[in-house]
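Enquirer: Take any residue in the sequence shown, note its place counting from 1, add 4, and you have its number in the working numbering. Here a beta-carbon is modelled for each residue, glycine too, at the ideal position from N, C-alpha and C. Everything numeric in this text was worked out from a predicted model, so none of it was measured. Let me begin by handing over the structure; questions about it come next.
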Amino acid sequence: MQKFDDVKSLLADSQTYYLISIDMDSNYSYLNGRYAQWFEPIHGDLVGKNFAITMHPQDRMVCEQVAMQAFARPDAIFPATLRKMDGQGGFVMTRWEFKAMLDQQGRPNGIFCIGHDITELTRANTDLDEIRNSHSHQVRRHVANLLGLGQVIAESENMKALKHIAKMIQQSTVDLDNAIRKIY
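What follows is the structure, given as structure tokens:
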């Protein structure tokens, strides 16, 4: 418990990190100011309420599994990424670290968790993936055309067809160059 009290004194007024504790009945027993500021307007006073009230239903199992790991190894810290309801039909993505709390006799007494909002990071990563996929498609389309035309040339014996293919190669090269310039 002393460790949690030390962490509470450090993060009680944090503007970045959430700090919560959950008792052995799975209810909130402590929230720092940041967590209360974000989630109590949506769910009301949370102390004494079940921890799952704030989260996406599918993430409850993640919490339970990570808590079991924390109790199995109380000397370690265990991470979890959880979705918290934002009160507008969506979710805030959060990243947490769980640590078991033990009483004076070494028996489980609850869990404390330090977390922060990773919604913007998650959105940025999603946007980057979409950009990467779009750029890859824009370039590969022209490369595929060039490879196909090269194969046609290799198999062709007709000079008139080769001149037409040469024009198509020139156009595909210009298109590829434009796609690369657009990306970079």
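1) So if DSSP puts Val96 in a beta bridge, which residue, or which two residues, is it bridged to?
2) Go to Leu23, then tell me how far its beta strand (DSSP E) extends in each direction, as first and last residue.
3) Compute the distance between the beta-carbons of Ile118 and Leu23, then report whether it is under 7 Å.
4) Could you give the distance in angstroms between the alpha-carbon of Phe75 and the alpha-carbon of Ala128?
5) Our contact map puts Met89 next to Ile26 with C-beta atoms below 8 Å; I'd like the distance itself, whole angstroms only.
6) Let me check understanding here. Comparing Cα to Cα, which of Ser30, Glu134, Asp10 lies closest to Arg64?
7) Return helix, strand or coil for Glu161, following the three-state DSSP convention.
8) Please check the pair Ile122 and Met97, which I expect to be a contact at CB under 8 Å, by giving their CB distance rounded to whole angstroms.
9) Starting from the C-beta of Gly150, find all residues in its chain whose C-beta is less than 6 Å away, skip the five residues before and the five after it, and write them out in chain order.
10) Excluding five sequence neighbours on each side, which residues of the same chain lie with their C-beta closer than 7 Å to the C-beta of Arg38?
11) Let's see if you can read the secondary structure: which residues bound the beta strand (DSSP E) around Pro61?
12) Out of His120, Asn182, Gly94, Ala158, state which residue places its alpha-carbon closest to the alpha-carbon of Arg145.
13) Give me, in chain order, the residues of the same chain whose beta-carbon lies closer than 8 Å to that of Ile187; leave out the 5 immediate sequence neighbours on both sides.
14) Out of Gln62, Ala104, Trp100, Asp49, which one is the CA nearest neighbour of Asp79?
Expert: Taking the definition as stated:
1) Val96 is bridged to Lys88.
2) Where Leu23 is concerned, the enclosing beta strand (DSSP E) stretches over 22-26.
3) In this structure, the beta-carbon distance from Ile118 to Leu23 falls below 7 Å.
4) Approximately 34 Å, taken between the alpha carbons.
5) Contact between Met89 and Ile26 is ruled out by a C-beta separation of about 17 Å, above the 8 Å threshold.
6) Closest option to Arg64, Cα to Cα, is Ser30.
7) Look at Glu161 here: in three-state DSSP terms it is coil, with no helix or strand label.
8) With a Cβ gap of about 5 Å, Ile122 and Met97 count as contacting.
9) Going by the sequence as given, residue 150 is Leu instead of Gly. Result list for Leu150: Ser176, in chain order.
10) Residues of the same chain with a CB within less than 7 Å of the CB of Arg38, apart from the 5 flanking positions on each side, are Ser18, Gln19, Tyr21, Tyr22 in chain order.
11) In the DSSP assignment, Pro61 falls outside any beta strand (DSSP E) and carries neither an H nor an E.
12) Closest by alpha carbon: Asn182.
13) Around Ile187, the same chain offers His139, Gln142, Val143 as residues with beta carbons nearer than 8 Å, after the five sequence neighbours per side are excluded.
14) Minimum Cα-Cα distance from Asp79 among the listed residues Gln62, Ala104, Trp100, Asp49 corresponds to Ala104.
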